[in-house]
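So the sequence shown is numbered by this note's numbering: it starts at 1450 and just counts up by one. Below is one structure, written out as structure tokens; the observations come after it.
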Amino acid sequence: MKHLVLFFRDQRMTPEQHTAFGERFGELHIHPAAPYGHDKPALMKIHADKNSKRNNGDAWHSDVSADEEPPMVSILHLHQSPSSGGDTLFANMYDAYDAY
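Pasting the structure below:
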């Protein structure tokens, strides 16, 4: 695979368009711990503010990587980011495996 991370800046999409885009790659994964209160369980909405009780991404992690067959891709759509922090980083796990 030549490109492991793709960015499409300044895209506006509805939840329906978001899930339809993901379905082009296959069946959507439903995260077992995802909080959702809408009609699209495969669409995990993450929200945090100063009153949030938990931080969903304060350390390196790979969602559901322990599953027998983890999802092929993650598709993120950022609506708003804080003025500082809130970074999303990507790592090449092929290189990590080869280095191991």
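The C-beta atom is built at its ideal place from N, Cα and C for all residues, glycine as well. No experiment lies behind these values; they were computed from the predicted model shown.
Going by CA-CA distance only, name the one from Pro1519, Met1542, Leu1525 and Thr1537 that's closest to Gln1460. Of Pro1519, Met1542, Leu1525 and Thr1537, the residue nearest in Cα terms is Leu1525.
Using DSSP with H/G/I as helix, E/B as strand and the rest coil, what is His1467? In the structure shown, His1467 sits in a helix (DSSP, three-state: H, G or I).
Straight-line Cα distance separating Asp1498 from Asp1507: In a straight line, the C-alpha of Asp1507 is about 14 Å away from that of Asp1498.
List in chain order: all unbroken alpha helix (DSSP H) runs of 4+ residues lying wholly within the region 1470-1497. As far as the region 1470-1497 is concerned, it has no whole alpha helix (DSSP H) run of at least 4 residues.
Report back the beta-carbon spacing between Phe1474 and Met1521 to the nearest angstrom; my notes put them in contact at under 8 Å. Indeed they touch by this definition, with Cβ atoms about 6 Å apart.
Mapping DSSP to helix, strand and coil, what is Met1450? Look at Met1450 here: in three-state DSSP terms it is coil, with no helix or strand label.
Specify the secondary structure class of Asp1512 as computed by DSSP and reduced to three states. In the three-state reduction of the DSSP assignment, Asp1512 falls in the coil class.
Helix, strand or coil for Asp1547? Go by DSSP, reduced to three states. Secondary structure of Asp1547 (DSSP, three-state): helix.
Roughly how many whole angstroms lie between the Cα atoms of Tyr1549 and Glu1517? Cα-Cα distance, rounded: 20 Å.
Is the beta carbon of Val1513 less than 8 Å from the beta carbon of His1480? With contacts defined by Cβ atoms closer than 8 Å, Val1513 and His1480 form a contacting pair.
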